[in-house]
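Asks: My questions all concern the structure below.
Residue numbers (the working numbering), protein chains in the order written: chain A, 1 to 146; chain P, 1 to 146.
Next up, the structure:
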């Protein structure tokens, strides 16, 4: 059996503190044409400054999915960051959501985000995002997050 | 034996993500007279938006020291916060630092902050902050934090 460096309770604490469950949803009410083809994109990520990036690789190893990305920040007094991100839907469902079903988050706002995150993923599964009506519903749910 | 809601590993993760070990040090090079009498003040704190404040009371219960304070934020797009804070030196040494000796932080920057936090508390113990020379030393160490 593989031994992981990270403890599940530690991960829950870290994610309660710094993790994000977020969904990009194209605004269905906007008439502007955007270059982005994707209309709905759920993502789970954790971001840290460069000197703390080691933990992101440990999360990647623990979950066995996702990737670590460099994130430039050119704002004054802001450091470059790295983020661990999972956006593949299968991985989100089978690994990430599954983990947080077994290991419950404690923060109200984080539990709330996860709830709507799961709900939107379920709607994508059913193809709701492919109709304007469905997209509007998803967009409305997204407003309840964070 | 009392059962706590929080698990030590969870706390370590939460603090790695959102906790702060910080030291207010009066600038010994500044000639400006400040109203603040305290010259050095180490503080451990965790801050969350109002809807997540429950966890702060759970931390207070777990550690059996410190307090939860309301922190108004009048900036636009910022929510009012609550923070759990320990500033009593005995509590910092006997409870907080002791906890993190047994339950190691993982993030480089957080471990680094804790290291200098402990160092400064040790110097205060010896009364170093009472001389200008000592205060200058403490001020220099403080620059290495965060």
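The beta carbon of each residue, even a glycine, is placed where N, CA and C say it ideally should be.
If you're wondering where the values come from, they're calculated on a predicted model, not measured in any experiment.
Is it buried or exposed, residue 151 (chain P), if we count other Cβ atoms within 10 angstroms and call 16 or more buried?
Replies: Chain P is shown only over 1 to 146; residue 151 (chain P) falls outside these bounds and no answer can be derived.
Asks: Report the residues of the region 86–109 of chain A with a CB closer than 7 angstroms to any CB of chain P, ordered along the chain.
Replies: 106, 107, 108 and 109
Asks: Is it a yes or a no for the region 80–87 of chain A touching the region 37–46 of chain A, going by three-plus beta-carbon pairs under 8 angstroms?
Replies: yes
Asks: Shorter than 8 angstroms from the beta carbon of residue 60 (chain P) to some beta carbon of chain A?
Replies: Sequence index remark: in the second chain, residue 60 (chain P) carries index 60 (1-based). Not one chain A Cβ lies under 8 angstroms of residue 60 (chain P).
Asks: Please check if any C-beta of chain A sits within less than 8 angstroms of the C-beta of residue 12 (chain P).
Replies: For the purposes of this step, residue 12 (chain P) is taken as residue 12 along the second chain, with counting starting at 1. Output row for residue 12 (chain P): interface = yes.
Asks: Any idea if residue 104 (chain P) is buried or exposed, counting beta-carbon neighbours within 10 angstroms, 16 or more meaning buried?
Replies: Against the second chain, residue 104 (chain P) aligns to sequence position 104. Looking at its Cβ environment, which holds fewer than 16 other Cβ atoms inside 10 Å, residue 104 (chain P) is exposed.
Asks: Considering just the uninterrupted stretch of the alpha helix (DSSP H) at residue 4 (chain A), what are its terminal residues?
Replies: Here residue 4 (chain A) corresponds to residue number 4 of the first chain, with the count starting at 1. Premise fails: residue 4 (chain A) is in no alpha helix (DSSP H) and is neither H nor E.
Asks: Should residue 48 (chain A) and residue 59 (chain A) be called a contact, given that it needs their Cβ atoms to be closer than 8 angstroms?
Replies: In the first chain, counting from the first residue as 1, residue 48 (chain A) sits at position 48. In the first chain, counting from the first residue as 1, residue 59 (chain A) sits at position 59. The answer is no: Cβ separation not under 8 angstroms.
Asks: Just to confirm, is the Cβ distance from residue 6 (chain P) to residue 82 (chain P) under 8 angstroms?
Replies: Residue numbering aside, residue 6 (chain P) sits at position 6 when the second chain is read from its first letter. Residue numbering aside, residue 82 (chain P) sits at position 82 when the second chain is read from its first letter. Judged by beta-carbon spacing, residue 82 (chain P) lies beyond the 8 angstroms limit of residue 6 (chain P), meaning their Cβ atoms are not closer than that value.
Asks: How many angstroms separate the CA atom of residue 97 (chain P) from the CA atom of residue 142 (chain P)?
Replies: As a first step, residue 97 (chain P) is located in the second chain; it is residue number 97 there, counting from the start. As a first step, residue 142 (chain P) is located in the second chain; it is residue number 142 there, counting from the start. Per the coordinates, the alpha-carbon of residue 97 (chain P) lies some 17 angstroms from the alpha-carbon of residue 142 (chain P).
Asks: Just the chain A side, please: which residues come within less than 8 angstroms of residue 51 (chain P) by C-beta, in chain order?
Replies: Counted from its first residue, the second chain places residue 51 (chain P) at position 51. Within 8 angstroms Cβ-Cβ: 108 and 109.
Asks: Kindly indicate which three-state DSSP category residue 119 (chain P) falls into: helix, strand or coil?
Replies: The residue given as residue 119 (chain P) occupies position 119 in the second chain. Three-state result, residue 119 (chain P): helix.
Asks: Which residue comes first and which comes last in the beta strand (DSSP E) that contains residue 41 (chain P)?
Replies: Position 41 of the second chain, counted from the start, is the residue given in the question as residue 41 (chain P). Unbroken beta strand (DSSP E) run through residue 41 (chain P): 40–49.
Asks: Tell me, please, whether the CB atom of residue 73 (chain A) is closer than 8 angstroms to any CB atom in chain P?
Replies: If you number the first chain from 1, residue 73 (chain A) lands on position 73. Cβ-Cβ to chain P under 8 angstroms: no for residue 73 (chain A).
Asks: Report yes or no: is there a C-beta of chain P within less than 8 angstroms of the C-beta of residue 17 (chain A)?
Replies: Taking the first residue of the first chain as 1, we reach residue 17 (chain A) at position 17. By this cut-off, residue 17 (chain A) is an interface position.
Asks: What first and last residue would you give for the alpha helix (DSSP H) that runs through residue 98 (chain A)?
Replies: For the purposes of this step, residue 98 (chain A) is taken as residue 98 along the first chain, with counting starting at 1. Residues 98–102.
Asks: Among residues of its own chain, excluding the 5 on either side of residue 106 (chain A), which ones have a beta-carbon nearer than 6 angstroms to its beta-carbon?
Replies: In the first chain, residue 106 (chain A) corresponds to position 106, counting from 1. Cβ within range, chain order: 16.
Asks: Should residue 78 (chain A) and residue 113 (chain A) be called a contact, given that it needs their Cβ atoms to be closer than 8 angstroms?
Replies: One-based indexing of the first chain puts residue 78 (chain A) at position 78. One-based indexing of the first chain puts residue 113 (chain A) at position 113. Against a cut-off of 8 angstroms, the Cβ pair of residue 113 (chain A) and residue 78 (chain A) comes out as no contact.
Asks: Any Cβ of chain A within less than 8 angstroms of the Cβ of residue 133 (chain P)?
Replies: In the second chain, counting from the first residue as 1, residue 133 (chain P) sits at position 133. Any Cβ of chain A closer than 8 angstroms to the Cβ of residue 133 (chain P) would place that residue at the interface, and such an atom is absent.
Asks: If you check the beta carbons only, do residue 73 (chain A) and residue 67 (chain A) fall under 8 angstroms apart?
Replies: Residue 73 (chain A) sits at position 73 when you count from the first residue of the first chain. Residue 67 (chain A) sits at position 67 when you count from the first residue of the first chain. For residue 73 (chain A) and residue 67 (chain A), no; Cβs fall outside 8 angstroms.
Asks: Buried or exposed, going by whether 16 or more other CB atoms sit within 10 Å of the CB of residue 125 (chain P)?
Replies: Looking up residue 125 (chain P) in the second chain gives position 125. Under this definition residue 125 (chain P) is an exposed residue.
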